[in-house]
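FYI, this note's numbering numbers position 87 of the sequence shown as 559, with every residue one higher than the one before it.
Idealized CB from N, CA, C, for every residue including glycine.
Reading through the structure tokens given below for one structure.
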Amino acid sequence: MSSRRKALCSFLSLAALIASFETRALAADLDVDVELVLAVDASRSMEPFEQKIQREGYIAAFRRKEVIDAIREGVNGRVAITYVEWAGSTVQRIIIPWTLVDSAEASEKLADALDQPIPSTQSRTSISGAIDFGSSLFDNNGFKGMRKVIDISGDGANNNGRPVADARNEAVAKGIVVNGLPLMTRGDFYSDWAVADLDIYYSNCVIGGPGAFMIPVNSWDQFPEAVRRKLVLELAGKTPAVQKADWRDAGKLPVILAEDKPMYDCLSGERIWQRRMQDWESR
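In structure tokens form, the structure reads like this:
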């Protein structure tokens, strides 16, 4: 398929999703098993090839039988999903609006709509902004979920906007679960900006709510499997087995629950940013 034809097909799929969402907004809220916000890192630390791997990982996952089965086997047999890319505290882009997925065909349409050109990255990393924005998307969205979930994927700690733990706590107080996909894949160029043990940071500062969990990714070849596994757990509402946050097995992808919270400085990302800015200004 030519790139022009592929772009046209993606546009038509997205237009159909938007039209169906606008139609549902006029009707009563539709019962679904879960309302899921996929909040994906689009900050400048993400290289173009990493952005491509991320997007293709989600596209492939929505075409997987295990993911579709997890949706169909729920109480209602349907879920609502929106896909958002984020960076700084004021940078959040809705790539796919709220979309009903209740069949293999609907899941395929979602994947097709997601298969579109990737916007340019933006500066700063505001996980708190992503959580706050994601929380607002549940209001008047046309769906009534048995569960509300925000899934945060990112390769760094919060360094912009309000403290991430505050945003997480407010979301949890509203009955929202925050899950995570920490990407510990940064290259040497960004190593001076990174927090040590991003998985432990996510465990302590980002994820929260009943049954909240995260799956750390240590290399990009693990990403597609991590996304598939995470979506199956989220969409099926399954509680993963407990594993410790100090798990270190390069050959496997651990699932780490929110209850496993070693002490960690949740403002470490802000402190690193401030220190690097001071070093830059002193040159």
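Going by DSSP in three states, K702 sits in which element: helix, strand or coil?
Reduced to three states, the DSSP call for K702 is helix.
Anyone know if the C-beta pair for I648 and V621 falls short of 9 Å?
Going by C-beta atoms, I648 is nearer than 9 Å to V621.
How is A559 classed by DSSP in three states: helix, strand or coil?
Looking at A559 - three-state DSSP - the assignment turns out to be coil, as it is neither helix nor strand.
Quick one: using the 10 Å Cβ neighbour count with 16 as the cut-off for buried, is Q694 buried or exposed?
Buried, because 16 or more other Cβ atoms sit within 10 Å of the Cβ of Q694.
With DSSP run on the structure shown, which of helix, strand or coil describes N582?
Reading the sequence as shown, one finds Leu at residue 582 and not Asn. Reduced to three states, the DSSP call for L582 is helix.
Leaving aside the five residues before and after G652 along the sequence, list all residues of the same chain whose C-beta is less than 6 Å from its C-beta, in chain order.
So the list reads I624, Y674, V678, I679, M686, once near-sequence residues are dropped.
Return helix, strand or coil for F605, following the three-state DSSP convention.
The answer is helix: DSSP assigns F605 an H, G or I state.
Going by other Cβ atoms of all chains shown within 10 Å of its Cβ, with 16 needed for buried, is Q746 buried or exposed?
Q746 is exposed by the Cβ-count criterion.
Using alpha carbons as the reference points, say which of D587, V563, E580, I553 lies closest to P569.
The option with the nearest alpha carbon to P569 is I553.
What is the DSSP secondary structure of A643, counted as helix, strand or coil?
Of the three classes helix, strand and coil, the one that applies to A643 here is helix, per DSSP.
With C-beta atoms as the reference, is F534 less than 9 Å away from V509?
No; because the gap between Cβ atoms is not below 9 Å, this pair is not in contact.
Is the distance from the Cβ of V756 to the Cβ of I540 below 9 Å?
A query on residue 756 cannot be resolved here, the shown segment of the chain reaching from 473 to 755 and no further.
State buried or exposed for D505, treating a residue as buried only when at least 16 other CB atoms are found within 10 Å of its CB.
Buried: at least 16 other Cβ atoms inside 10 Å.
Within 10 angstroms of its Cβ, does V563 collect 16 or more other Cβ (buried), or is it exposed?
Burial call: buried.
Assuming the contact rule is C-beta atoms closer than 8 Å, S598 and G628 should be a hit. Round their C-beta distance to whole Å, please.
At roughly 10 Å, the Cβ-Cβ gap does not stay under 8 Å, so S598 and G628 are not in contact.
Roughly how many angstroms lie between the CA atoms of A444 and S600, to the nearest whole one?
In the structure as shown, the chain starts at 473 and stops at 755, and residue 444 therefore has no counterpart that could be examined.
Of all the options R565, L502, A532, R596, which has the alpha carbon lying nearest to the alpha carbon of S515?
The option with the nearest alpha carbon to S515 is R596.
Taking the alpha-carbon positions, what's the D501 to R550 distance?
The alpha-carbon atoms of D501 and R550 are separated by roughly 13 Å.
Mind checking which residues open and close the beta strand (DSSP E) that includes F615?
Where F615 is concerned, the enclosing beta strand (DSSP E) stretches over 615-626.
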